[in-house]
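Chains as they are written, first to last, in the numbering used here: chain A, 39 to 322; chain B, 16 to 271. Even glycine gets a Cβ: it sits at the ideal position worked out from N, Cα and C. This structure is a prediction, so every number in the text was calculated from the model and none was measured. Right, one structure below, let's go through it.
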Amino acid sequence: MNMQNDPAAFSAPLPPIFHPGFSWMRVFAMVRRYWFLLRSSWPRVLDLIYWPTVQMCMWGLLQTYMGQQGGALARVGQAFLGAVMLWDMLFRGQLGFSISFLEEMYSRNLSNLMISPLRPMEFVSSLIIMSLIRLAIGMVPVTILAILFFGFNLWGLGFALAAFFVNLMLTSWTIGIVVSGLLLRNGLGAESMAWSIMFLLLPLTCVYYPVATLPDWLQFVAWCLPPTYVFEGMRALLIDHVFRADLMLEALAINLVLFAGAICAFLAFLRSSREAGSLLAGGE
Amino acid sequence: MSVMSANSSANPAIAVENLVKVYKTGTAVAGISFALQPGTITGLLGGNGAGKTTTIAMIMGLVSPTAGTVSVLGKRMPQDRYQVLHRMNFESPYVEMPHRLTIRQNLDVFARLYGVQNAKARIAQLAQELDLADILDRPAGKLSAGQKTRVSLAKALINNPEVLLLDEPTASLDPDTADWIRGRLEHLRDTQGVTMLIASHNMAEVERLCRRVIIMKKGSIVDDDGPAQLLARYGRSNMEEVFLDVARGTGIAEGA
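Rendered as structure tokens:
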């Protein structure tokens, strides 16, 4: 061994600083960890950009084709690229949140975090920040490519885009938080939820067609989901050139209720995990 | 056979009283009590399924007790855990860190989580003391078993804990390194008064480090005494034989 053999080499370090409440220092410690993880693997960075780009190209070409047909079809087709990009924001926002959480389970590191002073809300905050970072890496290049190849400028939506974005992100975090709670409680057996749960919303939130297309009873379900308001609002803006602030406010109200419910569910799953001993299993 | 109840000292570092944990699959801990004095090293022994891991997990606040109480440095776990978690830590070779992060990055993150002052200097100090300086920038996934254990110990010491829980701290280490680690643990106890609870299957380690040994079987404490007293009572020459007597139910303690 090449180590110092004199145990007296240990000197007493300064005591740690005690932050009794919510600490941004701990939040950014976690963000730092996920950032280190992300940048350590270029295929993962590439993966953030790859699929949104493929989606944008496919739907952009379909929109071009429909535009060439003329008439009502061309008018409806204008909204396809907007729909696919907003859907990707919703999907990628949730995935960005859940993947960061899954990283802890893959590396069997949850126990280390749960015995540290990190609080659940600090953990959730760091996952939210990472979902924004992952989303920015994936979506910003795609929006630029959409301008270059299809002349579709998402940024040109201005304030409306901000309203769409806030609502979609709140929904994606709500679902991400619930999925993380399920993972905490049930381990990696629930991993498939992280990848697939959002697709349940794809038909219900009417991404590519108006809510009126659904049967009456399903319309009621659709209007309980905030993204439905966003996609209806997006169609109103792109097709009829009307910004529906009422839809955005209704979506925000539902989002806030669901987000609060998701936080409560996460804390309940965490409490249940402590009771069941599933935090000990390290995610298995 | 003497089974100690909770220590009568007013300010134990760790106090466990009538602790019970029942899972759906059965009882893991069946009403145990003990108290650990500050600045002592105590061994927690028992075969697989004895309840050691669940006991340690309840002390850390990772598992909620079904009944009974746990307090660490005077704070109840898990209710008051955020008032004390920055003063304690845990080491186990079975809990890993993100493999793609370097050791320096991992320690840096934990230093920030624990509110360590002057984290860079602390990491450098631990790297020197635990012979990690040459591998600080190596990914955690590319370490030998011995290096992993030393990194895990560095993480456990990052916040200069007053209470340290260790799960087989020298598992997978060669005898030289294991001996060195034991020396460090003794030094921490002697100079900084760190209270340690060690779950171990290495009986020689327990004999050397621990002034007190708690032996568990099927969720209960079946013996609790100093190593010398246990050896005398079981009429054995080493702790391994005592452990086998308890595990197989063949031991008849003299004077019990």
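If F105 (chain B) and L180 (chain B) are in contact, beta carbons under 8 Å, what's the gap, nearest whole angstrom?
On the second sequence, residue 105 (chain B) is found 90 positions in, with the first residue counted as 1. On the second sequence, residue 180 (chain B) is found 165 positions in, with the first residue counted as 1. Contact holds; Cβ gap of about 5 Å.
Expressed to the nearest angstrom, what Euclidean distance is found between the alpha-carbon atoms of F188 (chain A) and A117 (chain A)?
The residue given as residue 188 (chain A) occupies position 150 in the first sequence. The residue given as residue 117 (chain A) occupies position 79 in the first sequence. Their backbone Cα atoms lie some 12 Å apart in a straight line.
Roughly how many angstroms lie between the CA atoms of A247 (chain B) and D189 (chain B), to the nearest whole one?
Translated into positions along the second sequence, residue 247 (chain B) becomes position 232. Translated into positions along the second sequence, residue 189 (chain B) becomes position 174. For A247 (chain B) and D189 (chain B), the distance between alpha carbons rounds to 30 Å.
Cut-off 8 Å between Cβ atoms - residues of its own chain near M41 (chain A), not counting five sequence neighbours on either side:
For the purposes of this step, residue 41 (chain A) is taken as residue 3 along the first sequence, with counting starting at 1. Residue placement at M41 (chain A) cannot be trusted, given a pLDDT of 47 that sits under 50; what the coordinates show is reported in the next sentence. No residues qualify anywhere along the chain.
Residues that DSSP places opposite E32 (chain B) in a beta bridge
The count along the second sequence starts at 1 and reaches residue 32 (chain B) at position 17. Answer is B:T84, bridged to E32 (chain B).
For a cutoff of 8 Å on Cβ pairs, would you count F49 (chain B) as touching chain A?
Here residue 49 (chain B) refers to the residue found at position 34 when the second sequence is read from its first residue. No, no contact with chain A.
Taking the CB atoms as reference points, tell me whether G176 (chain A) and A72 (chain B) lie closer together than 8 Å.
Translated into positions along the first sequence, residue 176 (chain A) becomes position 138. Translated into positions along the second sequence, residue 72 (chain B) becomes position 57. Cβ atoms of G176 (chain A) and A72 (chain B): not closer than 8 Å.
I'd like to know whether the C-beta of Q162 (chain B) is nearer than 8 Å to at least one C-beta of chain A.
Translated into positions along the second sequence, residue 162 (chain B) becomes position 147. No, its Cβ sits nowhere closer than 8 Å to a Cβ of chain A.
Rounded separation between A134 (chain B) and S154 (chain A) - CA only:
Walking along the second sequence from the start, residue 134 (chain B) turns up at place 119. Walking along the first sequence from the start, residue 154 (chain A) turns up at place 116. So the two alpha carbons sit approximately 16 Å from each other.
Whole-angstrom distance between H101 (chain B) and E201 (chain B), CA atom to CA atom
Translated into the one-based positions of the second sequence, residue 201 (chain B) becomes position 186. Translated into the one-based positions of the second sequence, residue 101 (chain B) becomes position 86. Using only the alpha carbons, I get a separation of about 22 Å.
Look at V87 (chain B) and V99 (chain B) and say whether their C-beta atoms are less than 8 Å apart.
Residue mapping note: residue 87 (chain B) aligns to position 72 of the second sequence, counting from 1. Residue mapping note: residue 99 (chain B) aligns to position 84 of the second sequence, counting from 1. Yes, the Cβ-Cβ distance between V87 (chain B) and V99 (chain B) is below 8 Å.
For F202 (chain A), count neighbouring C-beta atoms within 10 Å of its own C-beta (all shown protein chains included) and say buried if the count is 16 or more, exposed if not.
Stepping through the first sequence from its first residue, residue 202 (chain A) is reached at position 164. Answer is buried; the Cβ neighbour count reaches 16.
Would you report the Cα separation of W261 (chain A) and I301 (chain A), rounded to the nearest angstrom?
If you number the first sequence from 1, residue 261 (chain A) lands on position 223. If you number the first sequence from 1, residue 301 (chain A) lands on position 263. Computed Cα separation, rounded: 22 Å.
Strictly below 8 Å CB to CB, what residues from chain B border I167 (chain A)?
By one-based count along the first sequence, residue 167 (chain A) stands at place 129. Chain B residues near I167 (chain A): none, gap ~15 Å exceeds 8 Å.
Using the Cα positions of L119 (chain A) and S136 (chain A), report the straight-line distance between them to the nearest angstrom.
One-based indexing of the first sequence puts residue 119 (chain A) at position 81. One-based indexing of the first sequence puts residue 136 (chain A) at position 98. Approximately 25 Å, taken between the alpha carbons.
Distance CB(L208 (chain A))-CB(P264 (chain A)) smaller than 8 Å:
As a first step, residue 208 (chain A) is located in the first sequence; it is residue number 170 there, counting from the start. As a first step, residue 264 (chain A) is located in the first sequence; it is residue number 226 there, counting from the start. Cβ distance < 8 Å, so L208 (chain A) and P264 (chain A) count as in contact.
Going by alpha carbons, who is nearest to G59 (chain A) out of B:A148, B:D146, B:D95, B:D123?
Position 21 of the first sequence, counted from the start, is the residue given in the question as residue 59 (chain A). The residue with the shortest Cα to Cα distance from G59 (chain A) is B:D95.
In terms of residue numbering, what span does the alpha helix (DSSP H) encompassing A198 (chain A) cover?
Numbered from 1 along the first sequence, position 160 holds the residue referred to as residue 198 (chain A). 197–224 is the span of the alpha helix (DSSP H), which, as asked, contains A198 (chain A).
Considering only the alpha carbon of each residue, which of A:I55, A:R82, A:W73, A:A121 lies closest to L275 (chain A)?
As a first step, residue 275 (chain A) must be located in the first sequence, where it is residue number 237. Among A:I55, A:R82, A:W73, A:A121, the Cα nearest to that of L275 (chain A) belongs to A:A121.
Under 8 Å from the C-beta of M112 (chain B): neighbouring residues of chain A:
Counting from one through the second sequence, the residue named residue 112 (chain B) turns up at place 97. Those within 8 Å of M112 (chain B) in chain A are S145, N147, N150.
Local Cβ density within 10 Å of W80 (chain A), reported as buried at 16 or more and exposed below that:
Counting from one through the first sequence, the residue named residue 80 (chain A) turns up at place 42. By the 10 Å Cβ count, W80 (chain A) comes out exposed.
Work out the CA separation of V245 (chain A) and H114 (chain B) for me, nearest whole Å.
The sequence position of residue 114 (chain B) within the second sequence is 99, counting from 1. The sequence position of residue 245 (chain A) within the first sequence is 207, counting from 1. When rounded, the distance between both Cα atoms is 39 Å.
Are the CB atoms of Y72 (chain A) and E160 (chain A) nearer to each other than 8 Å?
Residue 72 (chain A) sits at position 34 when you count from the first residue of the first sequence. Residue 160 (chain A) sits at position 122 when you count from the first residue of the first sequence. Result no, Cβ atoms of Y72 (chain A) and E160 (chain A) do not sit closer than 8 Å.
On a CA-only basis, which of A:Q106, A:L100, A:I166, A:F304 is nearest G131 (chain A)? Give me that one, please.
Residue numbering aside, residue 131 (chain A) sits at position 93 when the first sequence is read from its first letter. Here the closest residue by C-alpha is A:I166.
Thinking C-alpha only, which one of A:L151, A:R146, A:S145 is nearest V124 (chain B)?
The residue given as residue 124 (chain B) occupies position 109 in the second sequence. The shortest Cα separation from V124 (chain B) among A:L151, A:R146, A:S145 belongs to A:L151.
Is the CB of V178 (chain B) under 8 Å away from at least one CB in chain A?
The residue you call residue 178 (chain B) lines up with position 163 of the second sequence. No, no contact with chain A.
If I measure Cβ to Cβ from Y129 (chain B) and keep anything under 7 Å in the same chain, skipping five residues before and after, which residues do I get?
Taking the first residue of the second sequence as 1, we reach residue 129 (chain B) at position 114. Around Y129 (chain B): H101, I173, N174.
Could you check what DSSP says for A303 (chain A) in three-state terms: helix, strand or coil?
Position 265 of the first sequence, counted from the start, is the residue given in the question as residue 303 (chain A). Of the three classes helix, strand and coil, the one that applies to A303 (chain A) here is helix, per DSSP.
At a threshold of 7 Å, does F161 (chain A) count as lining the ligand COA (C-beta to nearest heavy atom)?
For the ligand COA, the structure offers nothing, since it holds no ligand at all.
Cβ-Cβ distance between N33 (chain B) and G89 (chain B) below 8 Å
For the purposes of this step, residue 33 (chain B) is taken as the residue at position 18 of the second sequence. For the purposes of this step, residue 89 (chain B) is taken as the residue at position 74 of the second sequence. Contact: no.
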